[in-house]
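Spelled out as C-alpha coordinates, the structure:
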(Lines of atoms letter the chains of each structure in order from A; the text may use other names.)
(Lines give C-alpha, C1' and ligand atoms only; values in the text may rest on other atoms or scores of the structure.)
Protein backbone atom coordinates (compact mmCIF):
# COMPACT_ATOMS: atom_id res chain seq x y z
CA UNK A 152 0.00 0.00 0.00
CA UNK A 153 1.19 3.46 -0.89
CA UNK A 154 0.50 6.91 0.52
CA UNK A 155 -0.61 9.86 -1.59
CA UNK A 156 2.90 11.28 -1.47
CA UNK A 157 4.49 8.01 -2.57
CA UNK A 158 2.10 7.61 -5.49
CA UNK A 159 2.50 11.23 -6.54
CA UNK A 160 6.28 10.82 -6.53
CA UNK A 161 6.17 7.54 -8.48
CA UNK A 162 3.91 9.07 -11.14
CA UNK A 163 5.57 12.47 -11.22
CA UNK A 164 2.37 14.35 -10.44
CA UNK A 165 1.27 16.69 -7.66
CA UNK A 166 -0.70 15.08 -4.84
CA UNK A 167 -3.62 17.37 -5.68
CA UNK A 168 -3.79 15.72 -9.10
CA UNK A 169 -4.49 12.42 -7.35
CA UNK A 170 -7.28 14.02 -5.34
CA UNK A 171 -8.75 15.51 -8.54
CA UNK A 172 -8.62 12.11 -10.23
CA UNK A 173 -10.37 10.58 -7.23
CA UNK A 174 -13.14 13.18 -7.49
CA UNK A 175 -13.45 12.38 -11.21
CA UNK A 176 -13.93 8.71 -10.33
CA UNK A 177 -10.65 7.42 -11.76
CA UNK A 178 -9.54 5.75 -8.57
CA UNK A 179 -11.08 4.80 -5.25
CA UNK A 180 -8.26 4.45 -2.74
CA UNK A 181 -8.84 2.69 0.56
CA UNK A 182 -8.60 4.64 3.80
CA UNK A 183 -6.36 3.82 6.72
CA UNK A 184 -6.44 6.09 9.73
CA UNK A 185 -8.30 8.71 7.71
CA UNK A 186 -5.61 8.78 5.01
CA UNK A 187 -5.80 7.55 1.45
CA UNK A 188 -3.81 4.42 0.67
CA UNK A 189 -3.30 3.09 -2.83
CA UNK A 190 -2.85 -0.52 -3.89
CA UNK A 191 -0.72 -1.90 -6.72
CA UNK A 192 -3.93 -2.12 -8.77
CA UNK A 193 -4.65 1.54 -8.09
CA UNK A 194 -1.13 2.39 -9.21
CA UNK A 195 -1.64 0.52 -12.50
CA UNK A 196 -4.95 2.31 -13.07
CA UNK A 197 -3.35 5.66 -12.33
CA UNK A 198 -0.46 5.01 -14.70
CA UNK A 199 -2.97 4.32 -17.45
CA UNK A 200 -4.95 7.43 -16.53
CA UNK A 201 -1.74 9.45 -16.67
CA UNK A 202 -1.03 8.17 -20.17
CA UNK A 203 -4.54 8.98 -21.35
CA UNK A 204 -4.56 12.46 -19.82
CA UNK A 205 -1.04 13.49 -20.83
CA UNK A 206 -0.48 11.72 -24.13
CA UNK A 207 -4.01 11.43 -25.48
CA UNK A 208 -5.27 14.68 -23.93
CA UNK A 209 -8.41 13.15 -22.40
CA UNK A 210 -9.93 14.89 -19.39
CA UNK A 211 -10.04 12.93 -16.11
CA UNK A 212 -13.82 12.60 -16.46
CA UNK A 213 -13.44 11.23 -19.99
CA UNK A 214 -10.88 8.71 -18.74
CA UNK A 215 -13.29 7.63 -16.00
CA UNK A 216 -15.98 7.08 -18.64
CA UNK A 217 -13.57 5.09 -20.81
CA UNK A 218 -12.66 2.87 -17.86
CA UNK A 219 -16.32 2.35 -16.95
CA UNK A 220 -17.18 1.38 -20.53
CA UNK A 221 -14.25 -1.04 -20.69
CA UNK A 222 -15.45 -2.68 -17.47
CA UNK A 223 -18.95 -3.03 -18.92
CA UNK A 224 -17.58 -4.58 -22.11
CA UNK A 225 -15.49 -7.05 -20.08
CA UNK A 226 -18.54 -8.04 -18.00
CA UNK A 227 -20.65 -8.54 -21.14
CA UNK A 228 -17.91 -10.60 -22.77
CA UNK A 229 -17.74 -12.80 -19.67
CA UNK A 230 -21.51 -13.32 -19.76
CA UNK A 231 -21.37 -14.19 -23.46
CA UNK A 232 -18.61 -16.68 -22.77
CA UNK A 233 -20.68 -18.33 -20.05
CA UNK A 234 -23.70 -18.58 -22.32
CA UNK A 235 -21.62 -20.00 -25.16
CA UNK A 236 -20.24 -22.64 -22.79
CA UNK A 237 -23.74 -23.51 -21.60
CA UNK A 238 -25.03 -23.75 -25.18
CA UNK A 239 -22.13 -25.99 -26.19
CA UNK A 240 -22.72 -28.27 -23.19
CA UNK A 241 -26.50 -28.35 -23.64
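In my numbering, the protein residues as written are 152 to 241.
We treat Cβ as the ideally placed atom computed from N, Cα and C, and that holds for glycine.
Range covered by the alpha helix (DSSP H) that runs through residue i
| i | result |
| --- | --- |
| residue 223 | 211 to 240 |
Selected residue, minimal CA-CA separation from residue i, among the options
| i | options | result |
| --- | --- | --- |
| residue 196 | 182, 176 and 187 | 176 |
Continuous beta strand (DSSP E) assignments of at least 3 residues falling wholly in the region 154 to 197: 181 to 183 and 186 to 189
Assess contact between the region 164 to 182 and the region 193 to 209, defined as three or more Cβ pairs (one per stretch) separated by less than 8 Å. Is contact present? yes
Within the chosen definition, does the region 179 to 192 reach the region 219 to 230 through at least 3 CB pairs nearer than 8 Å? no
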